[in-house]
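Chemist: Pasting a structure below so you can have a look.
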Ligand code: ADP
Ligand code: MG
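Right, here's the structure in full:
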């Protein structure tokens with residue numbers, strides 16, 4: 001079970017420690033006020049009872065009002081401080097999760113639905129942890145301590161009873177905590193599944209509609225929803241039951257103290273003032289501890305979210321070295337015995353690939369779908385670390401090169417170019433920030449998108465553009481990066497699928513004209529013919545040996561399929 005304090009939140013979120021210091025101060029002040037209040041009440045009541053004279057009542061009431069105002073103020077300040085700490089910590093964690101995810105954009109382990117759930121609603125659970133649970137936890141430490149000292153100074157027996165009984169509350173809380181943690185983890189998994197399922201469903205709606213399966217999905221959604229409801233109710237059940245158990249425990253403890261005080265007072269062993277003081281104070285020892293139990297569930301949810309965030313942040317990422325990247329325009333690239341096995345996969349995505357890329361060479365990469373072509377490009381961009389083999393630039397291994405400086409040398413067009421929501425011009429400009437408008441225009445023209453306005457809006461998820469137009473914008477972005485962004489190695493992942501043959505010819509001509517170094521994944525004979533060499537990538541045995549084949553012999557069935565489409 002998670003300890004009362006999350007060690008990583010403590011160690012890595014500085015706002016947590018600042019808050020803890022402030023919280024201890026607030027808790028101690030609260031405890032002092034609690035003792036003062038008990039003393040004011042018992043002293044004046046005992047005086048009035050013993051002397052039958054209402055002397056000094058007004059003064060006492062005045063002091064009591066001040067003490068109560070002080071307690072109210074502290075009670076308000078505590079969650080406010082917690083909320084501020086929560087805001088700072090959440091902001092930091094969101095930034096770190098986003099940065100960690102950006103550092104490994106192709107990691108299959110974190111699903112998008114779960115990630116979105118985590119950085120939005122998930123981390124908000126820390127509000128409860130900081131604004132409710134932590135303030136209460138600090139009160140539960142400081143108040144019993146200070147009040148306990150006051151009790152000890154007044155009556156030894158009461159202090160002993162308190163020490164003996166108060167230990168039971170954390171003990172029961174630990175037991176309850178174990179049960180809760182398992183529940184929380186299950187509930188989290190169900191919730192993430194629901195989010196994931198829903199995101200998938202929305203993305204696949206057009207397909208589901210076409211095949212008439214949209215309605216059937218509602219049943220699946222209902223099932224997950226029902227499980228989610230059951231898990232939530234289960235968590236709530238434990239929560240209510242545990243509150244009741246703790247309530248019962250502290251009530252019984254106070255009753256024992258009351259009986260012992262009552263017997264001694266009747267027997268004349270204790271004066272009224274002391275008896276009243278002890279009676280008023282005793283419940284105050286148990287109250288904050290009990291309330292910690294009530295807020296434990298806020299804590300469990302916050303801690304679960306923090307754990308997920310730290311898992312995301314600490315997941316291994318491909319790190320590079322510190323050496324500045326050599327220029328691929330002048331440095332040859334060697335790939336030797338490259339093997340990549342994705343985590344959890346039973347066979348390698350790439351197995352024993354050898355490839356040389358001389359400066360100024362344009363090499364076509366062909367192979368069956370799923371053969372590892374995109375994986376090869378991911379390795380070259382430093383997003384995927386090879387399981388075996390190496391990539392060497394000149395004589396420097398890619399692993400020793402600073403990834404940012406290396407990526408600055410690369411222009412890449414993926415199979416589905418990511419186009420954020422902004423104009424076409426701004427999307428192209430991402431390739432070389434600050435490039436002049438004429439350069440952007442020229443890049444679009446060369447990519448076969450002469451008819452696309454710079455100001456044409458691109459919507460969320462690239463709506464507003466056809467598939468072919470998206471590819472052209474992606475291509476224009478890469479061309480701009482080569483001409484104005486300092487890149488000199490072009491990586492194209494099936495760049496001309498979706499382009500007509502006239503445009504394709506123009507694009508290829510533009511590439512040749514720039515005398516680039518390029519690796520072009522393609523199925524199309526026209527593209528293959530325009531390259532210097534062809535390399536086949538794929539499982540050995542299905543497509544033939546890995547190696548170099550003649551440009552005129554595209555081996556995979558994909559080529560003809562693409563041709564029919566074009
Ligand atoms: P290609 O681009 O030649 O179609 P890929 O390189 O995309 O092939 O994929 C090669 C193999 O690796 C496939 O079996 C694919 O399922 C798997 N694969 C690709 N990307 C990932 C990933 N991020 N995580 C796990 N497996 C992956
Ligand atoms: Mg691919």
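In UniProt numbering, the protein residues as written are 1 to 566.
Backbone N, C-alpha and C define an ideal beta-carbon position, used for all residues, glycine too.
Fair warning: this is a prediction, and the values are worked out from it, not measured in the lab.
1. With a Cβ-Cβ cutoff of 7 Å, do residue 519 and residue 292 count as a contact?
2. Give the residues whose C-beta lies closer than 6 Å to at least one heavy atom of the ligand MG, in chain order.
3. With hydrogens ignored, establish whether the beta-carbon of residue 133 is closer than 6 Å to any heavy atom of the ligand ADP.
4. Where does residue 180 land, buried or exposed, given buried means 16+ other C-beta within 10 angstroms?
5. Can you tell which of 495, 41, 332 and 418 has the C-alpha that lies nearest to the C-alpha of residue 525?
6. How is the alpha helix (DSSP H) around residue 197 delimited, first residue to last?
7. Considering just the uninterrupted stretch of the alpha helix (DSSP H) at residue 336, what are its terminal residues?
8. Is the region 165-180 close to the region 295-312, with three or more CB pairs under 8 Å?
9. Please go through the region 92-125 and give each complete beta strand (DSSP E) segment of 3 or more residues, from N-terminal end onward.
10. Look at the Cβ atom of residue 454, then the Cβ atom of residue 474, and state whether they are nearer than 7 Å.
11. Run through DSSP, which three-state label would residue 364 get?
12. Can you list, in chain order, the residues of its chain whose CB lies under 7 Å from that of residue 186, leaving out five sequence neighbours each side?
13. Mind listing, in chain order, the continuous alpha helix (DSSP H) runs of no fewer than 4 residues lying wholly within the region 24-97?
14. Can you have a look at residue 484 and say buried or exposed, based on whether 16 or more other CB atoms are within 10 angstroms of its CB?
15. If you draw a straight line from the C-alpha of residue 488 to the C-alpha of residue 318, how long is it?
16. With the cut-off set at 7 Å, would you say residue 340 and residue 536 are in Cβ contact?
17. Which residue or residues does DSSP assign as beta-bridge partners of residue 393?
18. Can you tell me where the beta strand (DSSP E) holding residue 533 begins and where it ends?
19. DSSP three-state call for residue 485: helix, strand or coil?
20. Note down the Cα distance separating residue 273 from residue 192, rounded to an integer number of angstroms.
21. In the DSSP output, what is residue 410 paired with across the bridge?
22. Residue 415 and residue 467: beta carbons closer than 7 Å?
23. Skipping 5 residues on each side, what residues in its chain have a beta carbon closer than 7 Å to that of residue 421?
24. How should residue 369 be labelled, buried or exposed, when 16 other C-beta atoms within 10 angstroms of its C-beta is the threshold for buried?
25. Taking just the CA atoms, how far does residue 306 sit from residue 58?
26. Assess contact between the region 35-46 and the region 60-68, defined as three or more Cβ pairs (one per stretch) separated by less than 8 Å. Is contact present?
27. Determine the extent of the beta strand (DSSP E) in which residue 419 is found, giving its start and end residues.
28. Name the DSSP beta bridge partners of residue 518, please?
29. Starting from the Cα of residue 113, find the closest Cα among 31, 176, 202 and 38 and give me that residue.
30. Comparing the CB of residue 476 with every heavy atom of the ligand ADP, is any distance shorter than 6 Å?
31. Using a Cβ-Cβ cut-off of 8 Å (strictly less than) and excluding sequence neighbours within five positions of residue 564, which residues of its own chain qualify?
32. Any heavy atom of the ligand ADP closer than 6 Å to the beta-carbon of residue 369?
33. Looking at the strands, I want to know which residues DSSP matches up with residue 401.
34. What is the DSSP secondary structure of residue 545, counted as helix, strand or coil?
35. Using the Cα positions of residue 96 and residue 13, report the straight-line distance between them to the nearest angstrom.
36. May I ask you to check if the CB of residue 349 is nearer than 6 Å to at least one heavy atom of the ligand ADP?
Modeler: Taking the definition as stated:
1. no
2. 373, 374, 415 and 493
3. no
4. buried
5. 495
6. 168-203
7. Per DSSP, residue 336 belongs to no alpha helix (DSSP H); it is in the beta strand (DSSP E), 333-340.
8. Remark: three or more beta-carbon pairs, one from each stretch, lie closer than 8 Å, so the region 165-180 and the region 295-312 are flagged as touching.
9. If we require 3 residues or more, the region 92-125 turns out to have no beta strand (DSSP E) run fully inside it.
10. no
11. Of the three classes helix, strand and coil, the one that applies to residue 364 here is strand, per DSSP.
12. Closer than 7 Å at the Cβ level, and outside the excluded window around residue 186, lie 231.
13. When DSSP assignments are scanned along the region 24-97, no uninterrupted stretch of alpha helix (DSSP H) that is 4 or more residues long falls wholly within it.
14. buried
15. 23 Å
16. Between residue 340 and residue 536, the C-beta gap is not smaller than 7 Å, which leaves the two residues out of contact.
17. 333 and 396
18. 533-536
19. Residue 485: coil per DSSP, three-state reduction.
20. 58 Å
21. 489
22. no
23. Excluding positions up to five away in sequence, the list reads 458, 459 and 460.
24. Under this definition residue 369 is an exposed residue.
25. 51 Å
26. yes
27. Note, residue 419: premise wrong, no beta strand (DSSP E); not H, not E.
28. 362 and 490
29. 202
30. no
31. Unreliable positioning characterises residue 564 in this predicted model, as indicated by a pLDDT of 32, which lies under 50. The coordinate reading is nonetheless provided below. Counting only Cβ-Cβ distances below 8 Å, and skipping sequence neighbours, we find nothing.
32. yes
33. Answer is 323.
34. For residue 545, the predicted model reports a pLDDT of 39, less than 50, meaning its position is unreliable; a value from the coordinates is still stated below. Look at residue 545 here: in three-state DSSP terms it is coil, with no helix or strand label.
35. So the two alpha carbons sit approximately 11 Å from each other.
36. yes
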